[in-house]
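Following: one structure in structure tokens, then a few remarks.
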Amino acid sequence: MTPDAIGTLPTDHWRGIDANRWMVEEIETTQGVRHAFVFTADGFVTAVSNALDRDGAERLAAACSAMASLGRAVAADHGEGGIPSHVVYELNGAKLMFRGAGERTYLGVITEAVIDPALVAHQMTTTVRKIGEKSLSSAERPH
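Each residue of the sequence shown is one higher than the last, beginning at 42 in the numbering used here.
Here it is, written out as structure tokens:
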């Protein structure tokens, strides 16, 4: 898959993302959740809520992919390896949360600053279990 002229994913890829919107519809109704998205370990968006624009989704996926890579590296040295189970970044005015959702895939949300993180984490886990990690998984892309 090659980028189009402005450096984003081709339009046909975004048609597939639109078709996958159902994956994030339930989580985006959780109190305090602004945006929900699914992304791959290599930074591609695979599903995104209505309220998040294309450029914003691509930037989030790329940034979260880098953070997940850092988490995997730290886990390899200081944990039991694998992907981070839950990551929470407290930002000014918001929180970014993401968790593993399948092989090489993550579910992420942007929330209001003041939320019940346990409620959001529970809903994220419920969403992953409901859809199924196998359905959310992505294959490794050739280099």
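Positions of the beta carbon are idealized from the N, C-alpha and C atoms, including for glycine.
Would the beta-carbon of residue i fall within 8 Å of that of residue j?
{"i": "Ala-102", "j": "Val-65", "result": "no"}
{"i": "Ala-82", "j": "Arg-145", "result": "yes"}
{"i": "Val-169", "j": "Val-74", "result": "no"}
{"i": "Ala-135", "j": "Ala-109", "result": "no"}
{"i": "Val-86", "j": "Glu-67", "result": "no"}
{"i": "Ala-116", "j": "Met-138", "result": "no"}
{"i": "His-119", "j": "Arg-140", "result": "no"}
Leaving out five residues before and five after residue i in sequence, what residues of the same chain have Cβ atoms less than 8 Å from its Cβ?
{"i": "Gln-72", "result": "Ile-156, Asp-157 and Leu-160"}
{"i": "Thr-166", "result": "Arg-140"}
{"i": "Val-79", "result": "Asn-61, Met-64, Val-65, Val-86, Thr-87, Ala-88, Val-89, Ala-142, Thr-146, Tyr-147, Leu-148, Gly-149 and Leu-177"}
{"i": "Gly-112", "result": "Ile-124, Pro-125 and Val-128"}
{"i": "Asn-133", "result": "Ala-154"}
Please list the terminal residues of the continuous alpha helix (DSSP H) segment that includes residue i.
{"i": "Ala-77", "result": "Looking at the DSSP string, Ala-77 is not in any alpha helix (DSSP H); the run it does join, the beta strand (DSSP E), is 74 to 81."}
{"i": "Ala-116", "result": "95 to 119"}
Using the Cβ count rule (16 or more neighbours within 10 Å means buried), how would you classify residue i?
{"i": "Val-129", "result": "exposed"}
{"i": "Gly-122", "result": "exposed"}
{"i": "Ala-142", "result": "buried"}
{"i": "Leu-148", "result": "buried"}
{"i": "Glu-69", "result": "buried"}
{"i": "Ala-77", "result": "buried"}
Using a Cβ-Cβ cutoff of less than 6 Å, which residues in the same chain neighbour residue i once the five nearest sequence positions on both sides are dropped?
{"i": "Gly-84", "result": "Ala-102, Ala-103 and Ser-106"}
{"i": "Leu-50", "result": "In this prediction, Leu-50 has a pLDDT of 49, which is less than 50 and means its spatial position is unreliable; nothing more can be read from the coordinates."}
Can you tell me whether residue i is helix, strand or coil according to DSSP?
{"i": "Glu-67", "result": "coil"}
{"i": "Arg-145", "result": "coil"}
{"i": "Arg-160", "result": "Residue identity check: residue 160 is Leu in the sequence provided, not Arg. Three-state DSSP puts Leu-160 in a helix."}
{"i": "Ala-154", "result": "coil"}
{"i": "Ala-135", "result": "strand"}
{"i": "Arg-140", "result": "strand"}
{"i": "Met-165", "result": "helix"}
Which first and last residues belong to the beta strand (DSSP E) in which residue i is found?
{"i": "Ala-88", "result": "86 to 89"}
So, for residue i: in the same chain, excluding its five sequence neighbours on each side, which residues have a beta-carbon less than 7 Å away from its beta-carbon?
{"i": "Ile-172", "result": "Met-64"}
{"i": "Thr-152", "result": "Gly-73, Val-74, Arg-75, Ala-135, Lys-136, Met-138 and Val-161"}
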